[in-house]
Amino acid sequence: MMIDELTELHIAESFFTRSMAAMDSLFLLFLIPLIPLSLLSILALIVRPRPIKIPIKSRHVFITGGSSGIGLALAQRAASEGARVSILARSAVKLEEAKKSIQLATGVEVATFSADVRDYDAVSKAIDESGPIDVLVVNQGVFTATELVKHSPEDVKFTIDVNLVGSFNVIKAALPAMKARKDRGPASITLVSSQAGQVGIYGYTAYSASKFGLQGLAQALQQEVIADDIHVTLIFPPDTDTPGFEEEQKSRPEVTSIIAASSGSMKTEEVARKAMDGIKSGNFTVSCNFEGFLLSLATTGMSPQRSCWLAFLEVITAGPIRLVALFFQWDWYKAIEKWSRTKTK
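So that you can map any letter, position 315 of the sequence shown is 315 in full-length UniProt numbering, and since no number is skipped, the others follow by simple counting.
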């Protein structure tokens, strides 16, 4: 009788143990989706996504560096969408050519202004003449792809002055009227950076420094103008088929070309399309290709995020993306080491 009771007790304990194990498994199955859902809920509370639509039709779009490359492609796209477009560049000749090109493609006549972005007074005068701006695209940029040891101090200063100080000049000149606009509809300030403004690249010391600076400018500026319903967008194009890029390829270091090849190049029209879509959506960061998207995840830092889904992706991929970034970095340094060995032979 005692043996039967012990057997029954053992069976009962075994059943209880199996039941508890099954419950633990069910609890884990319940817990697995609960963790990411909880994280997503927290991020939705922090990010507080609010859809933004920046109208382009019938609004004033002002583009610096608008006589060629990405700036010209953006001007043409804005004109085709019904915007009143103004473009600014240094060369009056190139501005006239761009004006004819845009009119031929869209039937729209754009306003042109010749000024050097390093000259605040000249920029301010041009912007005042153009009228209050709804969408400002700060696109001017210069670069010389060479090692820092070969850069003259004048080259470095020129790059920083045009790319970074020039951006301050343009925004400072346009901002008072943008903040005081009557319709109070959402406005936009866009800075065109570069993937070399996300990660330092061999041969781009001065250029990368100037473009990295735009990230700090954009982040701080967004905090200053958000109360005025002005939304800052930062564009990160890869190598783009522009006249400047064609010239740069003739003289840039071989290692720079090897590293840049890992991201490929894009057409100006494609970059302009992605940029304009990002501007109209009020996105802070706009990547133009998959590699750029990965770079954005890896280097997001304190950048504002409008989408809780993308914020979630940034959080959960921080480790893996850092691993990918380290792999690319290792690959680049191997290329530099290989190039150095062939150079010393």
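Here a beta-carbon is modelled for each residue, glycine too, at the ideal position from N, C-alpha and C.
All figures in this text were calculated on a predicted structure; none of them were measured in a lab.
Original post:
Is Gly66 near Gln195, with beta carbons less than 8 Å apart?
Top reply: no
**OP:** Determine, using beta carbons only, whether Ala206 and Thr159 come nearer to each other than 8 Å.
**Re:** yes
Subject >> Complete beta strand (DSSP E) runs within the region 53-121 (minimum length 3 residues, chain order) >> reply: 60-64, 84-89 and 111-114
**OP:** Buried or exposed for Thr342, please, with buried defined as at least 16 other CB atoms from any protein chain shown within 10 angstroms of its CB.
**Re:** exposed
Original post:
In terms of alpha-carbon separation, which member of Leu294, Leu221 and Ser210 lies closest to Phe143?
Top reply: Ser210
Original post:
What residues in its chain sit with their C-beta under 8 Å from that of Tyr204, if we drop five residues either side in the sequence?
Top reply: Phe143, Ala145, Ala196 and Thr256
Original post:
Of all the alpha helix (DSSP H) runs that stay within the bounds of the region 202-282, which reach a length of 4 or more residues?
Top reply: 205-225, 243-251, 254-260 and 268-281
Original post:
Closest by CA to Ile54, which one among Glu129, Ser188, Leu214 and Lys125?
Top reply: Ser188
Subject >> Range of the contiguous beta strand (DSSP E) that encloses Cys187 >> reply: Rather than Cys, the amino acid found at residue 187 in this sequence is Ala. Taken as a continuous stretch (DSSP letters only), the beta strand (DSSP E) holding Ala187 covers Ala187 to Val192.
Original post:
Three-state secondary structure (DSSP) at Thr146?
Top reply: coil
**OP:** Would you kindly work out how many angstroms separate the C-alpha atoms of Glu129 and Tyr120, rounded to a whole number?
**Re:** 14 Å
Original post:
So, is Ala105 buried or exposed, given that buried needs 16 or more other C-beta atoms within 10 angstroms?
Top reply: exposed
Original post:
Under the rule that 16 or more other beta-carbon atoms within 10 Å means buried, what is Gln223, buried or exposed?
Top reply: exposed
Subject >> Three-way DSSP call (helix, strand, coil) for Thr285 in this model >> reply: strand
**OP:** Pick helix, strand or coil for Thr342, following the three-state DSSP scheme.
**Re:** helix
**OP:** Would you list the one or two residues that DSSP bridges to Leu136?
**Re:** Phe62 and Ile189
Original post:
Can you tell which of Leu294, Asn283, Gln198 and Val225 has the C-alpha that lies nearest to the C-alpha of Ile171?
Top reply: Val225
Original post:
Excluding the five sequence neighbours on either side, which residues of its own chain have a C-beta within less than 6 Å of the C-beta of residue 350, listed in chain order?
Top reply: With the chain covering only 1 through 345, there is no way to say anything about residue 350.
**OP:** Using the Cα positions of Gly200 and Ile230, report the straight-line distance between them to the nearest angstrom.
**Re:** 30 Å
**OP:** Label Leu148 either buried or exposed according to how many other C-beta atoms from any shown protein chain fall within 10 Å of its C-beta, with 16 as the threshold for buried.
**Re:** exposed
Original post:
From what residue to what residue does the alpha helix (DSSP H) around Leu175 run?
Top reply: Gly166 to Lys179
**OP:** Following the continuous alpha helix (DSSP H) through Val199, name the residue where it begins and the one where it ends.
**Re:** Val199 -> no alpha helix (DSSP H), and no H or E assigned at all.
Original post:
Val108 and Ser86 look like a contact to me (Cβ under 8 Å); what is the Cβ gap, rounded to whole Å?
Top reply: The pair is not a contact, with the Cβ atoms about 12 Å apart (cut-off 8 Å).
**OP:** With DSSP as the reference, label Lys182 as helix, strand or coil.
**Re:** coil
Subject >> Endpoints, the alpha helix (DSSP H) within which Asp155 is located >> reply: Pro153 to Ile160
**OP:** Can you tell me the Cβ-Cβ gap for Ser167 and Leu191, rounded? I've got them flagged as a contact below 8 Å.
**Re:** 6 Å
**OP:** Would you tell me roughly how many angstroms separate the C-alpha atoms of Ala89 and Asp116, rounded to the nearest one?
**Re:** 7 Å
Original post:
Tell me which same chain residues have a C-beta within less than 6 Å of the C-beta of Gly141, skipping the five on either side of it?
Top reply: Asn163
Subject >> Distance, Ala260 Cα to Leu294 Cα >> reply: 15 Å
Original post:
Just how far apart, CA to CA, sit Leu214 and Gln103?
Top reply: 32 Å
Original post:
How should Gly185 be labelled, buried or exposed, when 16 other C-beta atoms within 10 angstroms of its C-beta is the threshold for buried?
Top reply: exposed
Subject >> Val135 beta carbon near the ligand SAM (any heavy atom closer than 7 Å) >> reply: The ligand SAM is not part of the structure shown, which contains no ligands of any sort.
**OP:** Taking only the alpha-carbon atoms, compute the straight-line gap between Ser58 and Met178 and give it to the nearest angstrom.
**Re:** 16 Å
Subject >> Helix, strand or coil at Gly131 according to DSSP, with G and I counted as helix >> reply: coil
**OP:** Can you give me the Cβ contacts of Cys288 inside the same chain, cut-off strictly under 7 Å, excluding the 5 residues immediately before and after it?
**Re:** Phe236, Pro237, Pro238, Met266, Val271 and Lys274
Original post:
If we ignore side chains and look at the alpha-carbon of each, how far apart do Leu175 and Glu254 end up?
Top reply: 41 Å
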